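Trainee: Encoded as structure tokens, here's the structure I'll be asking about.
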Amino acid sequence: MSVGRLTLRYLVLLLLFISSTCISEETTRPHIAVSAAHWKAFTNIDDSGIYYELIDAVYDEYDIKYQTSTYPRALNQFKANNADIAVGVYQHELPDAHYANWILDTDLPIHIFYRADETLPETEKVNFKGKKVAWRAGYGFSKFFPDLDASYSLDNIEAGFTLLVNKRIDYVLDYEENFVENYRGRIHHQVIREGEKLYLAFRNSVKGRKLAAQFDRKMSELRENGTLAHIYGEHYSRSELASFSDEMPLDDFSSQ
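According to our numbering, the sequence shown is numbered sequentially starting from 848.
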């Protein structure tokens, strides 16, 4: 056998070995499915965003499938066992889930939007009795405002602003960053409630508790080496991650 043919044979065998090794590594990597609502800059449709970048850093040894849709759908995917992790939830929304000690973020303050020709009382004196209040479907705001008489679900925030300026409803509850500029001058807004803690929800299973423990461990490391501050950028100070105590006990909603 000529030297050239022998060399070619070895090259073919080497390529086959490398290929089989890569396939083996791909098939042995564990998988996790992550469900989230589409929040601009945090959980984007193209799998980018602050929360997804964080999850990539925490679970870098996993193949991660991101499922980005609406908030109600994300919660339903988790409840139907079609996701290992639900992103950005209040603990009362998934009380049977398992939670890490670490928070994911501190939510943005909730704003009340009202017509410019209306005078809104001081925030602590706003009374929703007899008022029609709307917010986007899936947002659990009723938990925070027990005096609501009539609340309506919105498919999108602009539909709510249209109803508001046409005097079909009295108030819209949402976040300042979702304000539509076309309504500036016709709609005013102000903070009505400071942001709540947001969490990753994990399945209450062996795998879920393992993922939660890894989240706690890695979050401490990422804060220590400056990665958390880099990922969250301008949102880092608001997130309260810098001052978060990793020995903080779990809320009562967490299932052990």
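For every residue, glycine included, the Cβ atom is placed at its ideal position computed from N, Cα and C.
Just so we're clear, the structure is a prediction, and the values are computed from it rather than from any experiment.
According to DSSP, which residues form a beta bridge with T890?
Mentor: Along the sequence shown, read from residue 1 onward, the residue named residue 890 stands at position 43. In DSSP, T890 forms a bridge with W886.
Trainee: Mind checking which residues open and close the beta strand (DSSP E) that includes D1021?
Mentor: Your numbering for residue 1021 matches position 174 in the sequence shown. Here the beta strand (DSSP E) through D1021 covers 1018 to 1022.
Trainee: Can you name the start and end residues of the alpha helix (DSSP H) that K1014 belongs to?
Mentor: If you number the sequence shown from 1, residue 1014 lands on position 167. First-last for K1014: undefined, no H or E at that position.
Trainee: Would you kindly check if the distance between the Cβ of T915 and the Cβ of I892 is under 7 angstroms?
Mentor: In the sequence shown, counting from the first residue as 1, residue 892 sits at position 45. In the sequence shown, counting from the first residue as 1, residue 915 sits at position 68. Yes, the pair counts as a contact, with Cβ atoms nearer than the cut-off.
Trainee: Please work out which residues of its chain come closer than 7 angstroms, Cβ to Cβ, to S871, disregarding the five sequence neighbours upstream and downstream, and give them in chain order.
Mentor: As a position in the sequence shown, residue 871 is number 24, starting the count at 1. With a pLDDT of only 47 at S871, under 50, the local geometry of the prediction cannot be trusted, and the value read off the model is given with reservation. None.
Trainee: At the level of alpha carbons, what is the spacing between Q938 and V1019?
Mentor: Indexing the sequence shown from 1 puts residue 938 at position 91. Indexing the sequence shown from 1 puts residue 1019 at position 172. For Q938 and V1019, the distance between alpha carbons rounds to 24 angstroms.
Trainee: Kindly provide the ranges of any beta strand (DSSP E) runs that are 3 or more residues long and lie completely inside the stretch 878 to 964, ordered along the chain.
Mentor: Within the stretch 878 to 964, the complete beta strand (DSSP E) runs of at least 3 residues are 878 to 884, 910 to 916, 932 to 936, 957 to 962.
Trainee: Give me the Cβ distance between L1121 and L951, rounded to the nearest whole Å; I'm assuming they're in contact under 8 angstroms.
Mentor: Residue 1121 is absent from the structure shown; the chain starts at 848 and stops at 1103.
Trainee: Keeping to the same chain, check which residues put their C-beta closer than 6 angstroms to that of D954; ignore five residues upstream and five downstream.
Mentor: By one-based count along the sequence shown, residue 954 stands at place 107. Correct list, in chain order: G1042, E1043, L1045.
Trainee: Could you tell me whether the stretch 960 to 977 touches the stretch 924 to 941, where touching means 3 or more Cβ pairs closer than 8 angstroms?
Mentor: Because the criterion of three Cβ pairs below 8 angstroms is not met, the stretch 960 to 977 and the stretch 924 to 941 do not touch.
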